[in-house]
Amino acid sequence: MSSVPYLRFAGPVLDESTIAGVGDVLRSGWITSGPWVREFEDALSAFCGGRPVKAMTSATAAVEVALQLAGVGSGAEVITSAQSFFTVLNMIVKVGATPVFVDCDLVTRNIDLAQVEAAITPRTKAIMPTHWPGSLVDMDALLALARRRGLRVIEDAALVMGSQWKGRNIGAIGDLVTFSFHPNKNMTTIEGGALAVNDAAEAQRVDALRFHGITYLPDRTRDVAFPGGKFNLPDVNARIGVAQLARLPEFLATRRALADRYFERFATDPPCVLPPRPRNGGGDGQTWNMFSVLLPLDRLTVTRRELRDALDARGIGTGVSYEALHLCTLGRRYGYREGDFPVTERIARETVTLPLHAGMTAADVDRVCAAVTEIVHRARA
Ligand SMILES: Cc1ncc(COP(=O)(O)O)c(C=O)c1O
Numbered sequence: 006m007s008s009v010p011y012l013r014f015a016g017p018v019l020d021e022s023t024i025a026g027v028g029d030v031l032r033s034g035w036i037t038s039g040p041w042v043r044e045f046e047d048a049l050s051a052f053c054g055g056r057p058v059k060a061m062t063s064a065t066a067a068v069e070v071a072l073q074l075a076g077v078g079s080g081a082e083v084i085t086s087a088q089s090f091f092t093v094l095n096m097i098v099k100v101g102a103t104p105v106f107v108d109c110d111l112v113t114r115n116i117d118l119a120q121v122e123a124a125i126t127p128r129t130k131a132i133m134p135t136h137w138p139g140s141l142v143d144m145d146a147l148l149a150l151a152r153r154r155g156l157r158v159i160e161d162a163a164l165v166m167g168s169q170w171k172g173r174n175i176g177a178i179g180d181l182v183t184f185s186f187h188p189n190k191n192m193t194t195i196e197g198g199a200l201a202v203n204d205a206a207e208a209q210r211v212d213a214l215r216f217h218g219i220t221y222l223p224d225r226t227r228d229v230a231f232p233g234g235k236f237n238l239p240d241v242n243a244r245i246g247v248a249q250l251a252r253l254p255e256f257l258a259t260r261r262a263l264a265d266r267y268f269e270r271f272a273t274d275p276p277c278v279l280p281p282r283p284r285n286g287g288g289d290g291q292t293w294n295m296f297s298v299l300l301p302l303d304r305l306t307v308t309r310r311e312l313r314d315a316l317d318a319r320g321i322g323t324g325v326s327y328e329a330l331h332l333c334t335l336g337r338r339y340g341y342r343e344g345d346f347p348v349t350e351r352i353a354r355e356t357v358t359l360p361l362h363a364g365m366t367a368a369d370v371d372r373v374c375a376a377v378t379e380i381v382h383r384a385r386a
């Protein structure tokens, strides 16, 4: 057993004043949605250029509500990338719609917009792209396409809180935008998410969709006209969110420096496919939620599982981001098969997510790079 502490591949940074703040909320007598949620939503709204933003218990809840808000339901199709997290597939199916997958780019991993255009049918209601760390979807091309074809856009921004497109935060532009505050993301509320919407009417509808479908009547009774969910964020979590959002620039700078270090130090033989290299010393608007590489498995004598186990034995955690959505059991129910999306499938086979979070040091990155290099070198075919 190594004496070095285990290096998780992702995780939060929580300071003592935040922990004390949570204690204050717990002692205050009001622990579910209340003043801290309002404060958190105001801060998120300022972050999103003044647009209304609604906090929820997860990004998954925010995606479900966004689909409902966009009128996506039975009979509708939603075009999305097969290289993303299960949330995307699950929520499209959950609201009664049909997922229509397209492939992505090998290096940026973003949805292929030419394939999106080709997949549009009269039943298409929305496009739901996932932004990737280090490389945003081309927002100009995406929004122009959606406008031209009369489609809603739901951006899955779970991985890119703080990324900027042409100087504006993701969430400040576009149509509907969802964020995740899971502990593995750029900032956390333990579990949590948010949805940026276009106007007060949409915000009001989200209020109902996230809380039982309830609307309030003038006589101080309540009505339900459609079935809502129960996705309101508690104040305990919002208190953490307020503190985390204030520290986001610092977290992002640390993540950026760690990603830069990976690019400096990561050089296996045979080589891995790396994410797009950062440009302009931080001025390119990208953020680094994770550092995922593609392993040269066809030139190695080890499987990905064996390589990950070897890293684990050296005290280094890894992840898989992501499996191919069209090939999971649920995806296959829509008729998808191996070979449909070669880039997505290659990423799903070869990808490994290496440790990257704001609690790490440059020495941690060096340790990961040395371990991966050594394992790959020894396993050369
Ligand atoms: C790309 C992507 N979208 C959505 C989600 C869902 O986030 P949450 O756990 O907040 O529901 C995740 C979670 O890992 C994700 O990675």
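Note that the numbering used here has the sequence shown beginning at 6, numbered continuously upward. Note that CB positions come from ideal geometry on N, CA and C, so glycine has one too.
With a threshold of 16 other beta carbon atoms within 10 Å, Val9 falls short and is exposed. Closest in alpha carbon position to Gly16, among Phe236, Arg351, Pro280, His187, is His187.
When DSSP reads this structure, Asn242 sits in no beta bridge, so it has no partner.
It is roughly 53 Å from the alpha-carbon of Asp303 to the alpha-carbon of Gln209.
For Cys109, the secondary structure class from DSSP, reduced to helix, strand or coil, is strand. Beta bridge pairing from DSSP links Trp170 with Arg173. Bridge partners of Lys59 according to DSSP: Leu200.
DSSP, reduced to helix, strand and coil, places Glu328 outside both helices and strands of the structure shown, so it counts as coil. Phe256 carries a helical assignment under DSSP once its states are collapsed to helix, strand and coil. Taking Thr273 as the centre and dropping the five residues before and after it, the same chain places the C-beta of Pro301, Val377, Thr378, Val381, His382 closer than 8 Å to its C-beta, in chain order. In the same chain as Ala329, and ignoring 5 residues on each side of it, the C-beta atoms closer than 6 Å to its own belong to Ala87, Thr349, Glu350, Ala353, in chain order. At least one heavy atom of ligand 1 lies less than 7 Å from the C-beta of Thr92.
Bridge partners of Arg227 according to DSSP: Tyr221.
By a beta-carbon distance limit of 8 Å, His136 contacts Ile175. Their separation comes to about 6 Å.
In the three-state reduction of the DSSP assignment, Met144 falls in the helix class. Secondary structure note for Asp371: its alpha helix (DSSP H) is the uninterrupted segment 367–383. Relative to ligand 1, even the nearest heavy atom lies 7 Å or more away from the CB of Gly167. Comparing C-alpha distances from Ala64 to each of Thr194, Asp289, Gly80 shows the shortest one belongs to Thr194. Spatial neighbours of Pro40 in its own chain (CB-CB distance under 8 Å, excluding positions within 5 residues in sequence) are listed in chain order as Asp240. Counting C-beta pairs closer than 8 Å gives fewer than three between the segment 276–290 and the segment 119–126, which falls short of the contact rule.
Relative to ligand 1, the nearest heavy atom lies less than 7 Å away from the CB of Asp161. Short of 6 Å from the beta carbon of Val165, and not among the five residues preceding or following it, lie these beta carbons of its own chain, in chain order: His136, Ile175, Thr292. Assignment of beta-bridge partners to Val93 by DSSP yields no partner. Looking at the DSSP output, Phe216 sits in a beta bridge with Lys235. Note that the C-beta distance between Met133 and Asp161 is below 8 Å. Scanning its chain for C-beta atoms nearer than 7 Å, with the 5 sequence neighbours on each side dropped, one finds around Tyr339 the residues Thr103, Pro104, in chain order.
Fewer than three Cβ pairs drawn from the segment 227–242 and the segment 167–184 lie within less than 8 Å of each other, which leaves the two stretches out of contact. In the structure shown, the three-state DSSP call for Ala87 is coil.
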